[in-house]
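Asks: Just so we're on the same page, the numbering used here is the position in the sequence shown counted from 1, plus 82. All residues carry an ideal CB built from backbone N, CA and C; glycine is no exception. Here it is, the structure, as structure tokens.
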Amino acid sequence: MNHHIHWQARAIPFQTGESVASALQRAGIHQLGRAPTGQALAVFCGIGQCQGCLIMADGQVTEACLQICRDGLTLQPLDGDADV
Ligand code: FES
Numbered sequence: 083m084n085h086h087i088h089w090q091a092r093a094i095p096f097q098t099g100e101s102v103a104s105a106l107q108r109a110g111i112h113q114l115g116r117a118p119t120g121q122a123l124a125v126f127c128g129i130g131q132c133q134g135c136l137i138m139a140d141g142q143v144t145e146a147c148l149q150i151c152r153d154g155l156t157l158q159p160l161d162g163d164a165d166v
């Protein structure tokens, strides 16, 4: 059985224990939207320090690099649009 997270309604498969950042990058998704300041968001440090990967996960702001995938997790960019 395949497990998926959902990035803007797109189903993304993941491996057990994988971070959201890793699963999105494997799927070719590198632009994660924009911060309220207008700065483009993307994975940079990968360890929860830079805040560059902030996204919405089931309605909560979180770092994609720290969030572990679970089946059905719904993800959105902070600004609702990752086409930056
Ligand atoms: S990539 Fe830096 S906090 Fe996630």
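Pick from 136, 103 and 145: whose alpha carbon is nearest that of residue 115?
Replies: Position 33 of the sequence shown holds residue 115. Comparing Cα-Cα distances from residue 115 to each of 136, 103 and 145, the minimum goes to 136.
Asks: How is residue 158 classed by DSSP in three states: helix, strand or coil?
Replies: Walking along the sequence shown from the start, residue 158 turns up at place 76. Strand, per DSSP.
Asks: Short of 6 Å in beta carbon distance, which residues of its chain neighbour residue 95, apart from the five on each side in sequence? Order them along the chain.
Replies: Mapped onto the sequence shown, residue 95 falls at position 13. Around residue 95: 84 and 86.
Asks: Tell me the DSSP secondary structure of residue 108 in three-state form.
Replies: The residue you call residue 108 lines up with position 26 of the sequence shown. Correct three-state label for residue 108: helix.
Asks: Indicate the three-state DSSP secondary structure (helix, strand or coil) for residue 91 in the structure shown.
Replies: Translated into the one-based positions of the sequence shown, residue 91 becomes position 9. Residue state, collapsed to three classes: coil.
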